[in-house]
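Chains as they are written, first to last, in our numbering: chain A, 284 to 605; chain B, 284 to 605; chain C, 1320 to 1653; chain D, 1320 to 1653. Yeah, the Cβ is synthetic: ideal placement off N, Cα and C, and Gly gets one too. Structure record follows, encoded as C-alpha cells.
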Amino acid sequence: MTEMNMVQALNSTLDLLMSKDSSVVLLGEDIGKDGGVFRVTDGLQAKYGPERVIDTPLVELGIVGMAIGMAVNGMKPIAEIQFQDFIYTAMDQIINQMAKIRYRSGGDYTVPMVLRTPYGGGIKGGLYHSQSGETYFAHTAGLTVVTPSNPYDAKGLLLSSMQLGDPVIFLEPKRLYRSIKNDVPDGEYTVPIGEAKKIREGNSISIITYGSMVPTVLSTVEKNNVDAEIIDLRTLLPMDLNAIMDTVKKTGRVMIVHEAPRTLGMGAEISAIISERAIDSLLGPILRVTGPDSPFPYRMEDYYLPNEKRIMKAVNKLMTFG
Amino acid sequence: MTEMNMVQALNSTLDLLMSKDSSVVLLGEDIGKDGGVFRVTDGLQAKYGPERVIDTPLVELGIVGMAIGMAVNGMKPIAEIQFQDFIYTAMDQIINQMAKIRYRSGGDYTVPMVLRTPYGGGIKGGLYHSQSGETYFAHTAGLTVVTPSNPYDAKGLLLSSMQLGDPVIFLEPKRLYRSIKNDVPDGEYTVPIGEAKKIREGNSISIITYGSMVPTVLSTVEKNNVDAEIIDLRTLLPMDLNAIMDTVKKTGRVMIVHEAPRTLGMGAEISAIISERAIDSLLGPILRVTGPDSPFPYRMEDYYLPNEKRIMKAVNKLMTFG
Amino acid sequence: MSEESDERSKFIKAYTAMVLSRTLDKKIMSAQRQGRVGFYTPTMGQEALQIGASMALESDDLIYGYYRDVPLMLHRGVPMENIINQIMGNSADEAKGRQMPSHYTAKAFHFMSVQSPVATNLPLAAGAAYAMVYQKKKSVVLTTFGDGSTSTPDFHAAMNLAGVFNLPVIFLCENNGWAISLPVEKQTKVEIWTKAEAYGIRGIRVNGNNFVETYNAVLEAVKRAREGKGATLIDAISFRMGPHSTSDDPTKYRSETVEEGSEKDPLVVTENILKGKKYIDDKMIDGIKTKAQKLVDDKFNECEKIKPPEPMTAFTDVYKNMTWMLKEEVEDIL
Amino acid sequence: MSEESDERSKFIKAYTAMVLSRTLDKKIMSAQRQGRVGFYTPTMGQEALQIGASMALESDDLIYGYYRDVPLMLHRGVPMENIINQIMGNSADEAKGRQMPSHYTAKAFHFMSVQSPVATNLPLAAGAAYAMVYQKKKSVVLTTFGDGSTSTPDFHAAMNLAGVFNLPVIFLCENNGWAISLPVEKQTKVEIWTKAEAYGIRGIRVNGNNFVETYNAVLEAVKRAREGKGATLIDAISFRMGPHSTSDDPTKYRSETVEEGSEKDPLVVTENILKGKKYIDDKMIDGIKTKAQKLVDDKFNECEKIKPPEPMTAFTDVYKNMTWMLKEEVEDIL
Ligand SMILES: Cc1ncc(C[n+]2csc(CCOP(=O)(O)OP(=O)(O)O)c2C)c(N)n1
Ligand SMILES: Cc1ncc(C[n+]2csc(CCOP(=O)(O)OP(=O)(O)O)c2C)c(N)n1
Ligand SMILES: [Mg+2]
Ligand SMILES: [Mg+2]
C-alpha cells in the first residue's frame, strides 16, 4: 500500500505492466524524455528505452494506427493522446479500424490495446484543452470505455483493460490527476470492467456520475446532508445495468451528473435505460446536471462545470416533486 | 410542381441555388463529370464549370477544411462526403473547426456551409457503406443536423440550410434516394430547421422517428391499423421540443425508431428529454426500436434494420403495459 | 533444380495465377450482372504488378492489402473458395458474411482483413512492421493502395512513421491512373514515386504491367527492408481495364481504355515475356486457360450452393464477450 | 521618399515591432510566473521570421496563423491591447474571453482566429485562397505553423490541395527545431522545405533569424502567388529560445539553448543588420527599447484593470440564434 495521486498510480501501473511483459510498449507525443505533458510516463523511457517508450511524430492517427498494427501482431500497446480534444484527427482509425477489426475479420484478428487520454475541464484550458468527448466513444460498438475517479480505480481499471483482449478507451479526468490521494496496493488487482461502484449508500435519491464529477457530487451531498446514493459508473461502455437498476428501484429518484454537454451525453443513455425498464419505480423525473450545449469557455469555465449550486437545485427539485 | 425522387429533388435544388447565387459552389469526390456516385450532382459541372463544381482529391478533411475556408470568406460551399462512413477522417475539422469558429472568434467569423452525405443501410453496403452516425454530429454544439425523409423535405431543408448562416450537416438517407416520389414545387420554399412534422395523427401511441425509417414506420402502422401518431423529426439538432412534448402529452405512450445503434442513439436523447419534463404524462415505458450495438453486417443486413416485426412488438408491449 | 528451370516454374506459376485471377474476375463480373453477386471491384489490369509483388515475398511476410488484391492472394496460395465465399458472404466466408464483397481476410496467409476507408491500412502496416522488428522477426510488411489513396491523411502518417522509425514496409502503390472518376493528374501534381523523398524513404517507379520488373523492384525493396535499410515506396504504373466497381459507369468520365487481349493487357505482356523465354507456347496457354475456366466455374458453383450465415453471426465478434445490450437487442431481433 | 529612406523606415518599423514583441513576451512570461496570466506560448526566437513575413504582405492579404504569431500581429498593426486582452480573457477581448491565452483573433487585420489542434488552419487557408481566386481578389493567404505540424494530416491535405488547385498560399513553417520535446530530426527524416516537391509546389529554406532574408523570400512567394504561379512552402529556420509554453519544463529534454542577447538572438542579428546599414545606432536602440518597455507596462496595467466578461458571454455565439437547449441550460447556470 502506498498513498498516491492518480498520476503516480498510473505511472507505477505502467511500470508494473512493462516490467512483467515485454510486449507492453507505450507510444505517444512527448511521453519519453519529457515524461508526458502530465508526467504520467515520467521516468519510463529512461528505464525501458526508446523502443518501448516511443516518442512519436505529431500525428494522432499515426499513433492509433500504429498501435492497432502492433496489437494485431502480438504486442500490447498503450497509446497516449496528449489531450482528448486532439483525438478527433484519429477518429476514423478508432471507429473504422480499432472498433471493427475483430468483427470484420470474423474474429481472426483482435486489437488488445489501451488508448489513454486526459479529458475534461477545470484546468483553464478553454475550448481545446477541456473537452469531455466520451459520447463519441461510448456510442461506438466495439470499443470499451472506462474512466476512473480516483487513484485506486485508475490502477485497477488499467490492469483490467490490459487483460480484456479488446480495445479500451481509457479516459483520465485530468482535473483529478493530482487532487486526490488514495492508498493503492503495490501489487496487482483489478477493478472489473463493466462494474460500477456504489460510493455512498442512501435512500432518498440516486445520483449517477463518473470520472471528474465524482468528488463534486460527493462533497455536495455530504455538505448538504442529502440522503443520496451515489453510483460511480467507472465503465461507460458497457454500463453496469444492475447497479443502475438497483439504485433506481431503491430510491425512485434519479439524477445524472456529468460535465460533457447535455444533448446525447451519457446522461441521455442512462435516462433512456431507466425509462425503458423501470418507469414504474420512478417517483419523479430523471434529471440531468451537465455541461451546457456549447464549446468550453476559458475565463468563464466555472460557469460551465456542474457545481454544488446546480446539483442541489436538481436534488431539491426531485425531492419536492409531485 | 414536378414529381421527383430525392436525388432529383436534391439535384434540381443545387441547380436552383447555383443559378441564383454565384457564391454557391460544390466540392467533393467524383461530383463533377461523374455526377457523384449517387448522381446527386449530375450535370452540374457541365452547366457551371469545374471552378464551381469542384472534383477534389481523395481527402475528406481537405474537402471539409477547404469548404470552411471558403465559407469564412464570403462563399457558400456545399460539400459532399461520398459516404457518411468516410466522414470520420474529417472529424477534427468538423468538431474543432466548423462547429467552433463562430464561438471562438467572438462571432467575428462564421461558417455558412452545408456538408451533405448519404447515410444508412439497406443497400447491401456492409460495415463501411451503411453507417448511421448522426449521434457524432448531434452531440456537437455548433452544428445543425438535418435529415429529410422524402423529396419535398429534401428540397425545403436544403434551401433552409443554405439560409441559416451556420454549418449544417445534411444527412441523406440513401435507401430513400430513389424509392419515394413526391410532388415538389418548382420554385423556392423552405422547410424550417428545427421543426418536426406530424406525418400521421393518432391517439394511442406516439412514434418518433426520422430519415430512413419514416416509410417503414408509416407502412407498419397503416398495415397494422395502429392508432399511432408519427413524428418525423427532420432536424436532429436542435430537435423540435414542442412537437415531442405535444405528442407525448396527447398519447402518453412513446416509442422511438431509428436505425443507428441504440446506445446513445438519438432515441436516448429523445427519451431523456421526455422523462425530464413529462414523466407524469407517461402511461408506459419509453421504448426504442433501433439498430443493435454492433457494426453493420453485409449478408444479414435485414436482421440489423428495424422492421415491421420489431416495431409491432414494441407497439404491442406499450399498448398492453400496466 | 537449375536456375533456369527454377525461373521457369516461378514464371509459369505467376502466369497461371494471373490467368486464374483474370478468369475469376470475369466470372464474378458476369455473375454480378446476373444478380448472383452483390458488388465487386474488378482487378483486371492490375494482375502483373500484384503477382510480381507476391513473388518477392516469403510466406510469413505480412500483407496489409486493399480491395483489388485478388491476383496477389491467388498467387500467394489463398484458396479461390476464400475469395468467392467472401464475395457471396456465405457461411463459409472467413469473415462470416459480414463484409461487403471485395473485403477479404486470409489469416493463414497473413493477409489482414480489408477495410473500405482507403489507405487506413497503411498506419497499421507501419505498426505491424514495428512489431516485427521489436519481436526480432525477419518478416517484412507489404501494404497496397491506389493512386488516389496517396492524398489521404493515412498515407502521410504511415510514410512519415516508416521513415522516422526506419520500418521494414513496402508501400506498393497500385497506380491504375484513376480514383473512381478522378485521373491521377488531378489527384496530385507530381509522380507518386517522388513523394517518398518527403519522408526520407526510397521511392521508385516500375512498369506494373511487367511482372518481372515489379518482381525485381519488390525483391530489392524486401531485401533492403529485411536488412534494416527501411521502407520503399513503389509506384507501379498500370491501368484499370474495367470500371471502378460494378456500381460504376466509366463512360461518364473516361474515353480511352485498354482492351482485353491488346498488346498493353498485362496478361498479353506476360505471355510475350514467357514466350520470349520459351517457357511457354500457345498450346500451354490454352491448357492453362481451359483449366482455369473449369476451376473457376466449378468453384463458383460449389460456393454458390453454400448456405448463408446464421443470422446470429451478424452479432458475434463485436467483442470477445457479447455486451448485455447486444444480447438484449439480439433477443429482440431473432 | 528615396529608396534608401524607404528601406530605412521599413527596417526601423520592423525592428521596433521586434523589440515591442520581445518586451511584451517577457512581460507576459513574468506576469505568468506571478500568477497574473494563466498560460502563454512565448515567441522569443521567432520574431525576425514573422516580421520579415509580415513586411511582405499587403493589408488585405489573409493570415491563417498559429499561437506564436505575436510579432507578426504587432508588425501588422494589431493593437497590443488586442493581444493582452486575449491573454487576460477579459471583457475587451475580441473573442470574449473564450479562448485559452495565445489563441488570437484580429478580424480587422484579416487575422483568422487561432485554434489549438495544430495545422488544422492549413486546409482553411487553402479554402480561403480558393475563395480569393474565385472572387477575383488579389489577396494572397499566409498560413503559419511549426515544424512538428508538418507530420499532421492537415499539412498533407492542404499542401496537396494547394498544388492541385494552384492556390495563392504561402505556407510559412516556423521551424524552431522543436515540437514540445521532440526535436525536428525525430519528427521527420528530411529537411522540411524539401517536402514541397511531393506536392508540386515550390519549397525554399531561409534563415529565419534574418528578417531581410525572410522578407525577400516571402515577397517572392507573394509575388508568385499573386501572379497565379501557385503556392510556396517556406522553411524558416529559427529556434525556440524559451520553453514550449509556460507549462513546459525544457530542462527535461533539452540541453542547449540560445541566450538572449547572444549573437544568434534574432534581435541582435537585426540590430547588426540595421547598424551595418547605418540605419540605427545604440542610442536609438536604447530609445526604442525604453519606449517599448513603457508602452508594454502601461498597456499591460491598463488591460489588467479591464473586468472579466459577463458570464453570459460564455454561451453566446454558439449559433446565430441560441438553441432552446442552451437557453434552458444557461437559465439553470446563471
Ligand atoms: C476515405 C475514403 N474516402 C472515399 C472512399 C470512396 N472510394 C472508394 S474507392 C475510391 C477511389 C480509390 O482510388 P485509388 O486509391 O486510386 O484506388 P483504385 O480504386 O483506383 O484501385 C473512393 C473515392 C473510400 N473508400 N475511403
Ligand atoms: C493535433 C494536435 N496534437 C497535439 C497537440 C499538442 N501540442 C501543442 S503544440 C505541440 C507541438 C507543436 O510543435 P510545432 O508544430 O513545431 O510548433 P511549435 O510549438 O514548436 O511552434 C503539440 C504536440 C496539438 N495542439 N494539436
Ligand atoms: Mg487508382
Ligand atoms: Mg516547433
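Query, Result
"Indicate the three-state DSSP secondary structure (helix, strand or coil) for D/Lys1415 in the structure shown.", "coil"
"Does the beta carbon of D/Tyr1385 sit closer than 8 Å to a beta carbon anywhere in chain B?", "no"
"Would you say A/Ile351 reaches chain C, if we count a Cβ-Cβ gap shorter than 8 Å as a contact?", "yes"
"Looking at the unbroken beta strand (DSSP E) that takes in B/Leu310, where does it start and where does it end?", "307–311"
"Is the region 449–467 of chain B in contact with the region 477–486 of chain B, if contact means three or more CB pairs nearer than 8 Å?", "no"
"How would you list, in chain order, the residues of chain D whose beta-carbon sits under 7 Å from the beta-carbon of C/Asn1479?", "Ser1470, Thr1507"
"How about A/Ile589 and A/Gly574: are their beta carbons less than 8 Å apart?", "The sequence as given places Pro at residue 589 of chain A; Ile does not occur at that position. Going by C-beta atoms, A/Pro589 is nearer than 8 Å to A/Gly574."
"Got a sec: which bits of the region 586–602 of chain A sit with their beta carbon under 8 Å from any beta carbon on chain D, in order along the chain?", "Tyr586, Tyr587, Arg593, Lys596"
"Does the distance between the C-beta of C/Asn1495 and the nearest non-hydrogen atom of ligand 3 fall short of 7 Å?", "yes"
"Taking the C-alpha atoms as reference points, what is the distance between D/Ala1444 and D/His1475?", "13 Å"
"Please list, in chain order, the chain B residues whose beta carbon lies closer than 7 Å to that of C/Gly1496.", "Under the 7 Å cutoff, chain B gives no residues; its nearest Cβ is about 14 Å from C/Gly1496."
"Regarding C/Gly1465 and ligand 3, is the C-beta to nearest heavy atom distance less than 7 Å?", "yes"
"Using only the alpha-carbon positions, how far apart do C/Ile1370 and C/Asn1440 sit?", "20 Å"
"Could you name the residues of chain C that B/Phe369 contacts, counting a contact when the two beta carbons are closer than 7 Å?", "Pro1436"
"Please state whether DSSP places B/Pro578 in a helix, a strand or coil.", "coil"
"Let me check understanding here. Comparing Cα to Cα, which of B/Thr296, B/Gly319, B/Gln380 lies closest to B/Phe366?", "B/Gly319"
"Are the C-beta of D/Glu1546 and some C-beta of chain C separated by less than 8 Å?", "no"
"Which same chain residues end up closer than 8 Å to A/Ala382 when comparing Cβ atoms and leaving out the 5 residues on each side of it in sequence?", "Thr423, Ala424, Gly425, Leu426, Pro450"
"So which residues on chain B does D/Pro1442 lean against when the C-beta distance must stay under 8 Å?", "Leu344, Gly345, Val347, Gly348, Met349, Ile351, Gly352, Gln376"
"Look up D/Lys1380 in the DSSP assignment and give the residues it is bridged to.", "At residue 1380 of chain D the sequence reads Asp, which differs from the Lys that was named. Answer is none; D/Asp1380 lacks a bridge partner."
"Which residues, in order along the region 534–546 of chain A, keep a beta-carbon less than 7 Å from a beta-carbon of chain B?", "Pro544, Thr546"
"Starting from A/Pro333, find everything on chain C with Cβ-Cβ shorter than 8 Å and list it in chain order.", "The contacting residues do not exist; A/Pro333 stays about 10 Å from chain C at best."
"If I'm right that A/Pro434 touches A/Asn288 with Cβ under 8 Å, what's the distance once you round it to whole angstroms?", "6 Å"
"Does the separation of the CB atoms of B/Ser487 and B/Ala511 fall below 8 Å?", "yes"
"From C/Asp1735 to B/Val572, what distance separates their C-alpha atoms?", "Residue 1735 of chain C lies beyond the residue range present for chain C, which begins at 1320 and ends at 1653; the question has no answer from this structure."
"Show which residues of chain D have a CB atom less than 9 Å away from the CB atom of B/Arg387.", "Ala1414, Arg1417, Gln1418, His1422, Thr1424, Ser1432, Val1433, Gln1434, Asp1636"
"Name the chain A residues that come within less than 7 Å of B/Thr372, Cβ to Cβ?", "Asp375"
"Are the CB atoms of A/Tyr493 and C/Ser1432 within a distance shorter than 8 Å?", "no"
"Cβ closer than 9 Å: which chain C residues qualify as neighbours of A/Gln380?", "Gln1434, Pro1436, Thr1439, Asn1440, Pro1442, Leu1443"
"List the residues of chain C that D/Tyr1518 touches, going by C-beta distances under 8 Å, in chain order.", "Thr1507, Lys1508, Val1509"
"Starting from A/His412, find everything on chain D with Cβ-Cβ shorter than 8 Å and list it in chain order.", "Met1419, Ser1435"
"Give the single residue among D/Val1525, D/Lys1610, D/Lys1602 whose Cα lies nearest to the Cα of D/Gln1365.", "D/Val1525"
"Identify whether B/Met255 lies in helix, strand or coil by the three-state DSSP scheme.", "Here chain B covers residues 284 to 605 and nothing more, so residue 255 of chain B does not appear."
"Mind listing the chain C neighbours of A/Leu524? Cutoff is C-beta to C-beta under 7 Å, in chain order.", "Trp1643"
"Considering only the alpha carbon of each residue, which of B/Ile476, B/Ala373, B/Leu520 lies closest to C/Asp1473?", "B/Ala373"
"Using a Cβ-Cβ cut-off of 6 Å (strictly less than) and excluding sequence neighbours within five positions of C/Arg1327, which residues of its own chain qualify?", "Tyr1598"
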